[in-house]
Structure formats: structure tokens, C-alpha cells
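In my numbering, the protein residues as written are 2 to 304. Heads up, the thing below is written out as C-alpha cells.
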């Protein structure tokens with residue numbers, strides 16, 4: 002698990018290579034960290050860029066390979082273009098067409114594999130083993146987690162009295178990054194949908210267990226099971242786990258559009274859905290920041 006010093010180093014190393022995204026206070030929605038305005042359209046730009054920067058010589062020589070539900074692939078392709086690294090991204094056939102288009106637009110070679118993220122990860126692993134290319138991981142990598150933690154550094158700098166940060170869970174890379182920085186001084190709420198609840202299932206079982214992804218957030222928040230680093234962070238710092246419905250996520254997307262004209266993908270609006278649906282209520286007087294983490298979506302689907 003990365004230390005706060007690792008996160009601090011990542012924050013410094015990423016300066017000038019990623020965007021410092023704003024925190025806006027929106028009537029009826031509260032304090033929103035607008036990570037959907039990040040390079041490549043999601044928070045994944047932070048960890049992907051830091052992961053690649055730390056291995057850039059090997060990647061330039063042999064290329065980089067990654068599997069993704071979309072956002073990590075887009076972030077990896079964007080970082081690879083920035084650093085002059087050839088990249089091949091493996092995606093499952095369930096991925097949203099808008100994400101495939103975005104991947105190709107930033108110059109990546111795209112391999113579409115029948116199935117979901119799990120099958121794409123298997124194919125990427127096989128390609129890396131056969132070719133010697135650098136295999137990048139979307140959440141279970143210490144550089145990835147440290148890079149993601151840079152977002153929490155910004156939140157504390159911009160909202161010094163923050164007491165709660167609400168994030169989507171997924172594979173646990175963003176969750177682990179936030180926890181690696183704030184440790185136990187800020188309460189963290191981890192949100193999933195009923196069809197992607199790998200953290201909730203692990204908490205019931207006492208260990209990570211496989212969950213077949215389904216529903217609105219399948220392509221962005223459904224890696225099959227929570228990652229090793231995410232689970233380690235959960236065991237160490239005990240964030241609150243919240244599960245919301247697909248309908249709640251869709252409503253949060255609509256509210257972001259109608260209130261701010263922000264088009265968030267389902268996974269990007271998942272954290273907000275915990276509040277707008279009443280699935281989790283901030284204590285009276287709380288300074289809660291909700292992370293809106295991704296925008297790679299067909300705008301017509303949220304209007």
C-alpha cells in the first residue's frame with residue numbers, strides 16, 4: 002500500500018501533466034470534485050500517467066498493454082501519446098461504443114474481446130507475456146494508487162475543513178488512493194451499484210469474492226472483484242460501504258445535467274447517487290466532497 006509520502010511524490014511528479022480539477026459547490030448537490038474534467042475524461046489519468054512515468058523506458062522499448070472497461074484504457078492511451086509510448090488496449094465487448102471511439106481517437110490500438118473486463122484482462126496478460134510489453138493494471142498497482150491519491154491531496158488543499166469524501170468503489174484503485182492519503186483523518190464513503198457490489202460482497206464474505214457485473218455501471222465499476230490494494234485499504238481504514246440502484250445513478254446523471262450541464266457517465270455519477278437517493282446522508286454540518294469521476298459517455302444518453 003502506498004504511503005502518504007508516495008502520494009506526495011506522485012502529486013509533485015504529475016504536476017503539469019494532469020489537470021488540477023475544481024471543487025464546485027452546487028445548490029442541491031453540495032461540494033463536487035469535478036474529476037470528469039480531467040485529461041482523458043476521468044480520474045484514471047492520474048494513476049495511468051504516474052504508472053507509465055515510472056516505467057517509461059521499458060514501455061518505449063517494448064510497448065504498453067492494458068485491459069480496461071474504458072476509462073483506464075483511454076487514460077493509458079492518452080498518457081502513452083504524451084510520453085511517446087506505443088499502446089494496445091484490450092476491452093470487453095460490453096464496453097460503451099463512445100469509449101471505443103474515444104480510445105481510437107487518441108491513437109491506441111484497440112482489441113475487442115468477447116465478454117467483459119475479466120476476459121479482456123486475460124487477453125492483455127497473454128499478449129504481454131508473449132510480446133514482452135509492459136502490462137499496466139487499472140487499479141491493483143501501487144503507482145496507480147499513489148497517482149489516484151493526488152486527487153485527495155487537491156481536495157484537502159481546496160477544502161481544508163473537509164470531513165468526508167464520497168467516491169465510487171469499482172476495483173478499489175480510487176478508493177485506495179484516497180485512503181492512502183487521508184488515512185483516518187477524513188471519513189470515506191465507498192459507493193457501488195447493486196450490479197457491481199464487489200466491496201459489499203467482500204465485506205459480507207470477509208474476503209474478496211467474484212461478482213458477475215450487471216446493470217448500468219457494468220463497463221466502468223465491475224472488475225469482477227475488489228482488488229488487493231483496495232481490500233487492504235478497506236481493512237486498514239474501514240470506509241463506509243453504500244450500495245445504490247441503477248435508477249438512483251440515472252437520476253444523479255440527470256441532475257448533474259439539468260443543474261450544471263455536466264454529462265457524467267454512470268460510474269462517474271455513482272458516488273453522487275448515494276446522496277441524491279438518500280442511500281447515505283451526511284451528518285448535519287458535515288463538509289462532504291463528492292467525487293464525480295468520469296465523463297466518457299454519449300451525451301444523448303443523459304439528456
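Glycine included, each C-beta is placed from N, C-alpha and C at the ideal position. Bear in mind that the values here come from a model prediction, so they are computed numbers and not experimental data.
* **Classification of residue 28 by the beta-carbon crowding that lies within 10 angstroms, buried from 16 upward** => Around the beta-carbon of residue 28, fewer than 16 other beta-carbon atoms lie within 10 Å, marking it exposed.
* Which residues mark the beginning and the end of the alpha helix (DSSP H) in which residue 291 is found? -> In the DSSP assignment, residue 291 falls outside any alpha helix (DSSP H) and within the unbroken beta strand (DSSP E) covering 289-293.
* Given a threshold of 16 other Cβ atoms within 10 Å of its Cβ, counted over all protein chains shown, does residue 22 qualify as buried or as exposed? -> Classification of residue 22: buried, given that the 10 Å Cβ count is 16 or more.
* Contiguous beta strand (DSSP E) assignments of at least 3 residues, all confined to the segment 221-299 -> Look at the segment 221-299 and you find these whole runs of beta strand (DSSP E), each 3 residues long or longer: 241-245 and 289-293.
* **Same chain, Cβ closer than 6 Å to residue 215, five either side skipped, listed in chain order** => So the list reads 196, once near-sequence residues are dropped.
* Asked: Does DSSP put residue 75 in a helix, a strand or coil?
  -> In this structure, residue 75 counts as helix in the three-state DSSP scheme.
* To do: Check whether the Cβ atoms of residue 294 and residue 169 sit closer than 7 Å, and answer yes or no.
  => Yes, they are a contact pair.
* Asked: By Cβ distance, which residues of its chain are closer than 6 Å to residue 115, with the 5 residues on each side in sequence left out?
  -> Here the set comprises 94.
* Hey, could you find the ends of the alpha helix (DSSP H) residue 132 is sitting in? => From DSSP, the alpha helix (DSSP H) with residue 132 extends over 118-132.
* Pick helix, strand or coil for residue 302, following the three-state DSSP scheme. => Reduced to three states, the DSSP call for residue 302 is helix.
* Quick one: residues in its chain with C-beta nearer than 6 Å to the C-beta of residue 86, no 5 flanking neighbours on either side, listed in chain order? => If we look at residue 86 and ignore the five residues flanking it on each side, its Cβ neighbours are 60, 61 and 65.
* Asked: To which residues of the same chain is residue 225 closer than 6 Å at the C-beta, ignoring the five residues directly before and after it?
  -> The residues are 119 and 211.
* For residue 296, which of 218, 84, 131 and 223 has the nearest alpha-carbon? -> The candidate whose alpha carbon is nearest that of residue 296 is 218.
* Endpoints, the beta strand (DSSP E) within which residue 137 is located -> For residue 137, the uninterrupted beta strand (DSSP E) segment begins and ends at 135-137.
* Asked: Comparing alpha-carbon positions, which option in 113, 51, 52 and 208 lies nearest residue 71?
  -> In terms of Cα proximity to residue 71, the closest of 113, 51, 52 and 208 is 113.
* Opening and closing residue of the alpha helix (DSSP H) in which residue 165 lies -> Taken as a continuous stretch (DSSP letters only), residue 165 belongs to no alpha helix (DSSP H), being part of the beta strand (DSSP E) at 165-169.
* Asked: Quick one: any contact between the segment 102-111 and the segment 166-180, if contact means 3 or more CB pairs under 8 Å?
  -> Verdict: no, contact absent.
* Is DSSP giving residue 111 helix, strand or coil here? -> Note: residue 111 maps to strand in three-state DSSP.
* Closer than 7 Å by C-beta to residue 99: which residues in its own chain qualify, once you throw out the five before and the five after it? Chain order, please. => If we look at residue 99 and ignore the five residues flanking it on each side, its Cβ neighbours are 297, 298 and 299.
* DSSP state of residue 97 mapped onto helix, strand, coil -> It is coil, neither helix nor strand.
* Asked: Buried or exposed: where does residue 193 fall if 16 or more other Cβ atoms within 10 Å of its Cβ makes it buried?
  -> Classification for residue 193: buried.
* To do: Express the C-alpha separation of residue 282 and residue 247 in angstroms, rounding to a whole number.
  => Computed Cα separation, rounded: 18 Å.
* Would residue 280 pass as a contact of residue 245 if the rule is Cβ separation under 7 Å? -> Their beta carbons are under 7 Å apart, which means residue 280 touches residue 245 by this criterion.
* If you draw a straight line from the C-alpha of residue 213 to the C-alpha of residue 223, how long is it? -> Answer to the nearest angstrom: the Cα atoms are 8 Å apart.
* Asked: How many angstroms separate the CA atom of residue 31 from the CA atom of residue 152?
  -> Straight-line Cα distance between these residues: approximately 18 Å.
* Asked: Are the CB atoms of residue 147 and residue 11 nearer to each other than 7 Å?
  -> The Cβ-Cβ distance between residue 147 and residue 11 falls below 7 Å.
* **Paired residues, beta bridge with residue 34 - DSSP** => Residue 34 pairs with 24 and 292.
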